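In the numbering used here, the protein residues as written are 29 to 901. In what follows, a single structure is set out as structure tokens and then discussed.
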Amino acid sequence: MIDIPKTYDPKEAEQHHYARWEERGYFAPEINTDRAAPVFSIAIPPPNVTGSLHMGHALQHTMMDVLTRHKRMLGYRTLWLPGMDHAGISTQLMVTRELKKEGLTRHDLGREKFVERVWKWKEEYGGQILNQMRREGASVDWSRFKFTMDEDLSRDVREVFVRLYDEGLIYRGNRIVNWCPNDQTVLSDLEVQRDPQNGKLYYLRYPFKNRDGAITVATTRPETMLGDTAVAVNPNDERYSSLVGETLILPIVNREIPVIADEFVESDFGTGAVKVTPAHDPNDYEMGIRHNLEQVNVIGRFARMTEEAGADFVGLDRYKARDLVIEKLEASDLLEKVVDYEFSISKCERCKTVIEPLISTQWFLRMDPLRDLALANLREDGKPRFVPQVPYEKVYADWLENLRDWTISRQLWWGHQIPAWYTNDGDIIVARSREEAEAKAGTNELTQDEDVLDTWFSSALWPFSTLGWPDETEDLKTFYPTSVLVTARDIIFLWVSRMMMMGLKFIGAEPFLDVYVTGTILDKHGQRMSKTKGNGVDPLEVFDKYGVDATRLTLAQVGSTDMRWNEKQVESYRNFANKIWNAARFCLMNAEGADKVESAFGDPANLPLHDRWILSRLNKTAVAVNQQLDNYDFHAAVQELYHFFWDDFCDWYIELSKTSVTEDTGSNDRDIARGRLVSILEQALRLLHPFMPYLTEELWQKLPIKHSQQIHPAYARVEPTVMLAAFPRADASLIDERAEAEMEAVIDLISRVRNIRSEMNIKPADRIQLMIAAKPNLQSVFSASTDQIARLTRAKEISINGTSEMPKAAARAVLAGGAEVAVPLEGLIDFAQERARLTREKEKLQKEAAKLEAQLGNADFVQRAPAEKVDEL
RNA sequence: GCCCGCUUGGCUCAGCGGUAGAGCACUCGCUUCACACGCGAGGGGUCAGUAGUUCGAAUCUACUAGCGGGCACCA
Numbered sequence: 029m030i031d032i033p034k035t036y037d038p039k040e041a042e043q044h045h046y047a048r049w050e051e052r053g054y055f056a057p058e059i060n061t062d063r064a065a066p067v068f069s070i071a072i073p074p075p076n077v078t079g080s081l082h083m084g085h086a087l088q089h090t091m092m093d094v095l096t097r098h099k100r101m102l103g104y105r106t107l108w109l110p111g112m113d114h115a116g117i118s119t120q121l122m123v124t125r126e127l128k129k130e131g132l133t134r135h136d137l138g139r140e141k142f143v144e145r146v147w148k149w150k151e152e153y154g155g156q157i158l159n160q161m162r163r164e165g166a167s168v169d170w171s172r173f174k175f176t177m178d179e180d181l182s183r184d185v186r187e188v189f190v191r192l193y194d195e196g197l198i199y200r201g202n203r204i205v206n207w208c209p210n211d212q213t214v215l216s217d218l219e220v221q222r223d224p225q226n227g228k229l230y231y232l233r234y235p236f237k238n239r240d241g242a243i244t245v246a247t248t249r250p251e252t253m254l255g256d257t258a259v260a261v262n263p264n265d266e267r268y269s270s271l272v273g274e275t276l277i278l279p280i281v282n283r284e285i286p287v288i289a290d291e292f293v294e295s296d297f298g299t300g301a302v303k304v305t306p307a308h309d310p311n312d313y314e315m316g317i318r319h320n321l322e323q324v325n326v327i328g329r330f331a332r333m334t335e336e337a338g339a340d341f342v343g344l345d346r347y348k349a350r351d352l353v354i355e356k357l358e359a360s361d362l363l364e365k366v367v368d369y370e371f372s373i374s375k376c377e378r379c380k381t382v383i384e385p386l387i388s389t390q391w392f393l394r395m396d397p398l399r400d401l402a403l404a405n406l407r408e409d410g411k412p413r414f415v416p417q418v419p420y421e422k423v424y425a426d427w428l429e430n431l432r433d434w435t436i437s438r439q440l441w442w443g444h445q446i447p448a449w450y451t452n453d454g455d456i457i458v459a460r461s462r463e464e465a466e467a468k469a470g471t472n473e474l475t476q477d478e479d480v481l482d483t484w485f486s487s488a489l490w491p492f493s494t495l496g497w498p499d500e501t502e503d504l505k506t507f508y509p510t511s512v513l514v515t516a517r518d519i520i521f522l523w524v525s526r527m528m529m530m531g532l533k534f535i536g537a538e539p540f541l542d543v544y545v546t547g548t549i550l551d552k553h554g555q556r557m558s559k560t561k562g563n564g565v566d567p568l569e570v571f572d573k574y575g576v577d578a579t580r581l582t583l584a585q586v587g588s589t590d591m592r593w594n595e596k597q598v599e600s601y602r603n604f605a606n607k608i609w610n611a612a613r614f615c616l617m618n619a620e621g622a623d624k625v626e627s628a629f630g631d632p633a634n635l636p637l638h639d640r641w642i643l644s645r646l647n648k649t650a651v652a653v654n655q656q657l658d659n660y661d662f663h664a665a666v667q668e669l670y671h672f673f674w675d676d677f678c679d680w681y682i683e684l685s686k687t688s689v690t691e692d693t694g695s696n697d698r699d700i701a702r703g704r705l706v707s708i709l710e711q712a713l714r715l716l717h718p719f720m721p722y723l724t725e726e727l728w729q730k731l732p733i734k735h736s737q738q739i740h741p742a743y744a745r746v747e748p749t750v751m752l753a754a755f756p757r758a759d760a761s762l763i764d765e766r767a768e769a770e771m772e773a774v775i776d777l778i779s780r781v782r783n784i785r786s787e788m789n790i791k792p793a794d795r796i797q798l799m800i801a802a803k804p805n806l807q808s809v810f811s812a813s814t815d816q817i818a819r820l821t822r823a824k825e826i827s828i829n830g831t832s833e834m835p836k837a838a839a840r841a842v843l844a845g846g847a848e849v850a851v852p853l854e855g856l857i858d859f860a861q862e863r864a865r866l867t868r869e870k871e872k873l874q875k876e877a878a879k880l881e882a883q884l885g886n887a888d889f890v891q892r893a894p895a896e897k898v899d900e901l
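What follows is the structure, encoded as structure tokens:
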């Protein structure tokens with residue numbers, strides 16, 4: 029007999045299977061030799077090179093892996109393409125911080141040396157997450173691994189840039205942008221977050237030049253007044269209508285500024301008069317354009333005041349300048365009042381520094397034509413299909429409709445340098461390479477633009493850049509569009525929509541057919557997990573404690589709704605893994621002879637009830653799981669598998685098979701029973717494999733079966749592995765409703781008798797007698813199962829007949845299908861107790877009967893409800 | 001301000017037009033020859049509230065309340 033530990037230790041299985049799968053190339057689509065195989069592909073959302081595995085990754089990776097493994101076992105040519113993102117700002121910051129410890133800045137090194145240093149950092153410390161993904165069991169094709177700064181992907185970035193520029197979609201312009209004074213770069217609107225802030229609203233008085241009095245304006249940023257070039261009021265505001273066109277003297281700087289009228293101003297906010305700072309506020313910028321106002325830049329790139337702010341202010345930090353402005357205004361009695369005020373403030377998403385809006389020359393991508401492609405694709409073809417459709421399709425569409433131009437340049441060194449060169453005359457040459465630029469310019473005296481592109485620019489190309497575009501590679505033809513994108517909801521704008529637009533633009537087809545948006549794992553208080561809050565749960569620790577497979581089940585069943593992290597849940601799936609282990613242990617302890625059986629099942633019609641029943645349950649489970657996975661209904665699939673394995677297979681099938689399986693002396697009947705047991709287990713392991721790759725492989729390898737016969741035909745001549753075994757599709761001929769109904773009757777009988785035993789406090793060791801009364805058809809069902817009924821109810825004697833003449837001193841129960849069972853309890857029975865039990869029973873049944881009668885007595889119901897419903901009742 | 005989601009047993013969540021479900025927790029019994037990370041038997045919910053639609057509503061509609069998101073140019 030095989031010696032197997034009582035408790036499953038996941039670590040052992042996790043240690044060696046992955047390496048074997050990877051080495052033998054099981055993850056690569058080339059393993060599939062079926063030329064006609066359907067294709068399934070996923071491009072992974074590339075994690076940041078600086079990143080370490082967190083719950084969000086683990087969640088997405090689990091779902092992608094489940095889908096990929098499922099399709100692979102169904103014989104699809106399957107590619108899950110892995111990669112990594114260079115993560116411009118994060119990575120640059122990481123290395124900058126490292127340099128700081130050495131007392132250096134990146135400027136001390138210079139651009140070239142700095143970038144070299146970042147590459148070195150990447151080689152040494154980057155990509156931790158890649159090995160963590162191996163631990164997760166992610167079946168990605170490492171041979172196709174891509175990094176967004178790889179030469180071929182960089183080439184694609186330049187190619188796209190040049191084409192968009194030549195079409196006039198990319199342009200260089202001087203506009204107001206979001207500037208991060210800490211990271212020293214511009215940011216797109218999506219990289220700016222709005223945080224609520226308890227601040228103050230300052231009321232400032234601007235005196236008239238040609239008359240007495242002043243106009244009071246309200247502002248949260250008094251320091252910007254140094255750059256004011258107008259005061260605006262609403263044209264319909266009667267309080268001010270006579271003052272429009274007057275001239276004010278801007279305090280401190282003594283600049284003459286006009287009072288203008290603009291619809292933007294809301295009369296009921298503050299005083300109804302707004303100071304206008306075109307150079308430092310996006311709205312004022314627009315107003316400035318409308319009214320042709322001067323732009324006075326008073327704040328510079330380090331958020332310090334410029335020379336234009338005046339001698340008293342130059343060099344001052346913006347907040348120091350604020351204090352000084354207030355001090356000066358107060359001194360000249362021009363500060364009317366200061367009130368507490370809560371508003372929201374723009375911060376850099378990464379470093380949380382307050383954004384300084386300022387005017388700067390940057391590269392922009394015109395989005396309108398791209399947006400139209402994406403909207404048309406959605407409206408006309410319903411693509412992509414969002415799962416769940418509500419609310420994400422609307423969120424996506426609304427965002428596209430209100431899309432503004434994308435600021436694509438960044439003042440960083442780490443990233444794709446913009447393929448634009450300047451001649452000494454200042455002409456712009458955009459080209460794929462320096463050589464091409466020189467040829468175009470007719471000179472080699474060119475200076476390349478210093479800026480790099482937004483990291484999301486290369487990410488937007490990911491689904492096709494990773495497949496070899498712009499070459500028409502086999503991979504591109506085969507795997508594009510990808511089947512599904514699995515992602516968290518927070519990058520629908522940053523990434524999903526941009527991939528859609530770029531894919532439609534450059535390939536002419538959407539980059540993915542479906543978008544599955546996962547839920548979010550929250551901490552136990554319902555808060556988002558975050559590094560700053562320190563409330564994150566480390567998936568690797570969970571792996572260590574409960575095993576990868578148990579964690580994967582927990583994550584898979586999260587599906588698309590948010591869920592609070594609950595370690596008890598993982599524990600229960602750990603217990604499930606152990607249950608599987610022990611079920612297999614039982615099978616293996618009783619496996620001798622199982623492999624001698626040629627065909628375990630033979631003609632289904634001749635099988636014992638419990639075998640017909642388990643085959644039916646197995647095939648129904650396969651139908652359900654296949655369908656649920658096709659619909660991304662991970663939660664339902666997990667539940668289905670859990671209950672099939674635990675309830676149907678362990679609690680009933682194994683128990684029902686025990687007598688024949690555990691016979692001491694070898695016999696053909698025993699071996700057949702053993703063969704059947706092993707076969708059901710084997711199929712169950714295949715069903716479970718996409719969710720629990722390690723445990724299923726570990727056990728499947730141990731089973732006494734002809735492993736190679738289970739391998740899907742698409743994988744010719746591989747070393748047997750459950751990951752390339754055929755995923756059970758349902759065999760309709762094995763779904764047997766009659767067997768299920770008959771088995772239910774047996775289960776009901778056993779359960780009722782157990783209930784009697786329990787409530788009558790009959791000791792486990794006491795053997796009882798059963799008297800069953802049933803109609804002929806059920807009589808034969810029960811007769812055929814007497815051994816099993818006796819075993820599971822601990823009965824010594826069972827009599828079955830058509831009458832219900834039962835002894836008085838018996839506990840009785842009515843069964844489904846009109847049968848009845850009695851347990852004679854001479855000397856054991858407590859009549860009072862039994863009466864109480866039966867009274868409870870009776871009340872329950874009466875309640876139910878009354879309800880049914882009322883419903884059937886309702887003429888409206890009988891008349892209007894569907895006939896089958898009425899019959900059923 | 002606009003848009004959206006959620007509210008089901010003590011906890012975490014399924015169900016989304018036909019008699020309330022799971023896991024955990026709880027109670028009782030059990031060294032039953034795979035498993036105490038187990039086995040068997042139980043208790044527990046007027047499905048946030050109100051009004052409607054329907055023969056029938058946790059499930060559809062409207063409104064209300066609480067919670068959570070997203071978007072937005074209120075200086």
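Every residue gets a Cβ at the ideal spot worked out from N, C-alpha and C, and that includes glycine. These numbers come from a predicted model, not from an experiment.
(request) Helix, strand or coil for Pro419, going by three-state DSSP, please let me know. (result) In the first sequence, counting from the first residue as 1, residue 419 sits at position 391. In this structure, Pro419 counts as helix in the three-state DSSP scheme.
(request) Return helix, strand or coil for Asp542, following the three-state DSSP convention. (result) As a position in the first sequence, residue 542 is number 514, starting the count at 1. It is a strand residue.
(request) Compute the Euclidean distance between the alpha carbons of Val324 and Ala246, then round it to the nearest angstrom. (result) Numbered from its first residue, the first sequence carries residue 324 at position 296. Numbered from its first residue, the first sequence carries residue 246 at position 218. Spanning the alpha carbons of Val324 and Ala246 requires a straight line of approximately 20 Å.
(request) Would you mind stating whether Val545 and Thr515 have Cβ atoms separated by less than 9 Å? (result) As a working note, residue 545 is residue 517 in the first sequence. As a working note, residue 515 is residue 487 in the first sequence. Against a cut-off of 9 Å, the Cβ pair of Thr515 and Val545 comes out as a contact.
(request) Would you decide whether Phe297 is buried or exposed? Buried here means 16 or more other CB atoms lie within 10 Å of its CB. (result) Taking the first sequence and counting its residues from 1, one reaches residue 297 at position 269. Label assigned to Phe297: exposed.
(request) Starting from Glu370, follow its DSSP beta bridges and name the residues at the other end. (result) As a first step, residue 370 must be located in the first sequence, where it is residue number 342. Answer by DSSP bridge pairing, in chain order: Asn226.
(request) Starting from the C-beta of Arg233, find all residues in its chain whose C-beta is less than 7 Å away, skip the five residues before and the five after it, and write them out in chain order. (result) Counting from 1 along the first sequence, the entry for residue 233 is found at position 205. Within its own chain, the residues whose Cβ lies closer than 7 Å to the Cβ of Arg233, once the five positions on either side in sequence are excluded, are Ala242, Thr244, Leu362 and Glu364, listed in chain order.
(request) Grab the span of the beta strand (DSSP E) containing Gln390 for me, first residue to last. (result) Mapped onto the first sequence, residue 390 falls at position 362. From DSSP, the beta strand (DSSP E) with Gln390 extends over Glu384 to Leu393.
(message) Just to confirm my understanding: we take Asp265, look at its own chain, exclude 5 residues before and 5 after, and list those with CB closer than 7 Å. What are they?
(response) Numbered from its first residue, the first sequence carries residue 265 at position 237. Sequence-distant partners of Asp265 (beyond 5 residues in either direction) whose C-beta falls short of 7 Å from its own C-beta, in its chain, are Ser295 and Gly300.
(request) Only counting runs of 3 or more residues, tell me where the beta strand (DSSP E) segments fall wholly within the segment 482–558, in order along the chain. (result) Within the segment 482–558, complete beta strand (DSSP E) segments of at least 3 residues are found at 510–515 and 540–545, given in chain order.
(request) Can you give me the Cβ contacts of Trp149 inside the same chain, cut-off strictly under 8 Å, excluding the 5 residues immediately before and after it? (result) To locate residue 149, count along the first sequence from 1; it is residue 121. Same-chain partners within the cutoff: Thr119, Met122, Val123 and Glu126.
(message) In this structure, how does DSSP classify Pro38 when only helix, strand and coil are distinguished?
(response) Here residue 38 refers to the residue found at position 10 of the first sequence. Helix at Pro38.
(request) Tell me, to the nearest whole angstrom, how far the beta carbon of Phe371 is from that of Gly227; I am working on the premise that it is less than 8 Å. (result) For the purposes of this step, residue 371 is taken as the residue at position 343 of the first sequence. For the purposes of this step, residue 227 is taken as the residue at position 199 of the first sequence. A Cβ-Cβ separation of about 6 Å places Phe371 in contact with Gly227 under the 8 Å criterion.
(request) Kindly give me the distance between the Cβ atoms of Tyr347 and Thr248, rounded to whole angstroms, as I take these residues to be in contact under 8 Å. (result) As a first step, residue 347 must be located in the first sequence, where it is residue number 319. As a first step, residue 248 must be located in the first sequence, where it is residue number 220. With a Cβ gap of about 12 Å, Tyr347 and Thr248 do not count as contacting.
(request) Between the Cα of Ala837 and those of Phe859, Gln816, Lys824 and Thr821, spot the shortest distance and give me the residue it belongs to. (result) The sequence position of residue 837 within the first sequence is 809, counting from 1. Checked all of Phe859, Gln816, Lys824 and Thr821; the closest Cα to Ala837 is Phe859.
(message) Suppose contacts are defined by Cβ-Cβ distances below 9 Å. Is Leu917 in contact with Ala823 by that definition?
(response) Residue 917 lies beyond the stretch modelled for the chain, which goes from 29 to 901, so this question has no answer here.
(request) Can you give me the Cβ contacts of Glu27 inside the same chain, cut-off strictly under 7 Å, excluding the 5 residues immediately before and after it? (result) Residue 27 cannot be examined here, being either before or after the span of the chain that is shown, 29 to 901.
(request) Tell me whether the beta-carbon of Asp551 lies closer than 9 Å to the beta-carbon of Trp593. (result) As a first step, residue 551 must be located in the first sequence, where it is residue number 523. As a first step, residue 593 must be located in the first sequence, where it is residue number 565. Remark: C-beta atoms of Asp551 and Trp593 approach each other more closely than 9 Å.
(message) In chain order, what are the residue ranges of uninterrupted beta strand (DSSP E) at least 3 long that sit wholly in the segment 596–681?
(response) Qualifying beta strand (DSSP E) stretches: none in this window.
(request) Ignore the nearest five residues each way along the sequence and tell me which others in Ser525's own chain have a CB closer than 7 Å to its CB. (result) In the first sequence, residue 525 corresponds to position 497, counting from 1. Exclusion of the five residues before and after Ser525 leaves Ala402, Tyr424, Trp427 and Leu428 as the residues of its chain whose Cβ lies within less than 7 Å of its Cβ.
(request) Quick one: grab the DSSP three-state call for Met29. (result) Here the question's residue 29 lines up with position 1 in the first sequence. Reliability fails at Met29, whose pLDDT of 48 lies under 50, so the model's placement of it is uncertain and the value that follows must be treated cautiously. Three-state DSSP puts Met29 in coil, outside helix and strand.
(request) Would you mind working out which of Val146, Glu140 and Leu731 sits nearest Ala611, comparing C-alpha positions? (result) In the first sequence, counting from the first residue as 1, residue 611 sits at position 583. Nearest in C-alpha terms to Ala611, of all of Val146, Glu140 and Leu731, is Leu731.
(request) Taking Ala758 as the reference, give the member of Glu384, Tyr722 and Gln711 with the closest Cα. (result) Mapped onto the first sequence, residue 758 falls at position 730. In terms of CA proximity to Ala758, Gln711 leads the group Glu384, Tyr722 and Gln711.
(message) Does Tyr153 pass the burial test, meaning 16 or more other C-beta atoms within 10 Å, or should it be called exposed?
(response) Start at 1 with the first residue of the first sequence, and residue 153 comes out as number 125. That one is exposed.
(request) Between the Cα of Val261 and those of Ile277, Met253, Val287 and Gly111, spot the shortest distance and give me the residue it belongs to. (result) As a working mapping, residue 261 is identified with position 233 in the first sequence. Checking every option, the nearest Cα to that of Val261 belongs to Val287.
(message) Excluding the 5 residues flanking Tyr681 on each side, which residues of the same chain have their C-beta closer than 7 Å to its C-beta?
(response) Start at 1 with the first residue of the first sequence, and residue 681 comes out as number 653. Taken in chain order, the residues that qualify are His638, Ile642 and Ile708.
(message) Here's a check: name, in chain order, each residue in its chain whose Cβ is nearer than 6 Å to the Cβ of Val366, leaving out the five neighbours to either side.
(response) As a first step, residue 366 is located in the first sequence; it is residue number 338 there, counting from the start. Same-chain partners within the cutoff: Lys228 and Tyr230.
(message) Considering only DSSP beta bridges, list what Ile204 is partnered with.
(response) Indexing the first sequence from 1 puts residue 204 at position 176. According to DSSP, which records beta bridges pairwise, Ile204 is partnered with Ile387.
(request) Taking the CB atoms as reference points, tell me whether Val77 and His45 lie closer together than 9 Å. (result) Within the first sequence, the letter at position 49 stands for residue 77. Within the first sequence, the letter at position 17 stands for residue 45. A distance of 9 Å or more separates the beta carbons of Val77 and His45.
(message) Comparing C-alpha positions only, which one of Met834, Leu727 and Thr749 sits nearest to Gln737?
(response) For the purposes of this step, residue 737 is taken as residue 709 along the first sequence, with counting starting at 1. Just measuring C-alpha positions, the residue of Met834, Leu727 and Thr749 sitting nearest Gln737 is Thr749.
(request) Keeping to the same chain, check which residues put their C-beta closer than 7 Å to that of Trp108; ignore five residues upstream and five downstream. (result) If you number the first sequence from 1, residue 108 lands on position 80. If you ignore the 5 residues before and after Trp108, its C-beta comes within less than 7 Å of the C-beta of Ile70, Ile72, Met92, Thr96, Ser167, Val168 and Asp169, all in its own chain and listed in chain order.
(request) Using alpha carbons as the reference points, say which of Arg222, Leu901 and Gly165 lies closest to Glu902. (result) What the structure shows of the chain is the stretch from 29 to 901, and residue 902 is not part of that stretch, so it cannot be assessed.
(message) Quick check on Pro66: does DSSP put it in helix, strand or coil?
(response) Against the first sequence, residue 66 aligns to sequence position 38. Pro66: coil per DSSP, three-state reduction.
(message) Helix, strand or coil, according to DSSP, for Glu364 in the structure here?
(response) Position 336 of the first sequence, counting from 1, holds the residue named residue 364. Glu364 falls in the strand class under three-state DSSP.
(message) Given this structure, state the Cα-to-Cα distance separating Val185 from Arg134, to the nearest angstrom.
(response) For the purposes of this step, residue 185 is identified with residue 157 of the first sequence, where counting begins at 1. For the purposes of this step, residue 134 is identified with residue 106 of the first sequence, where counting begins at 1. C-alpha separation (whole angstroms): 25 Å.
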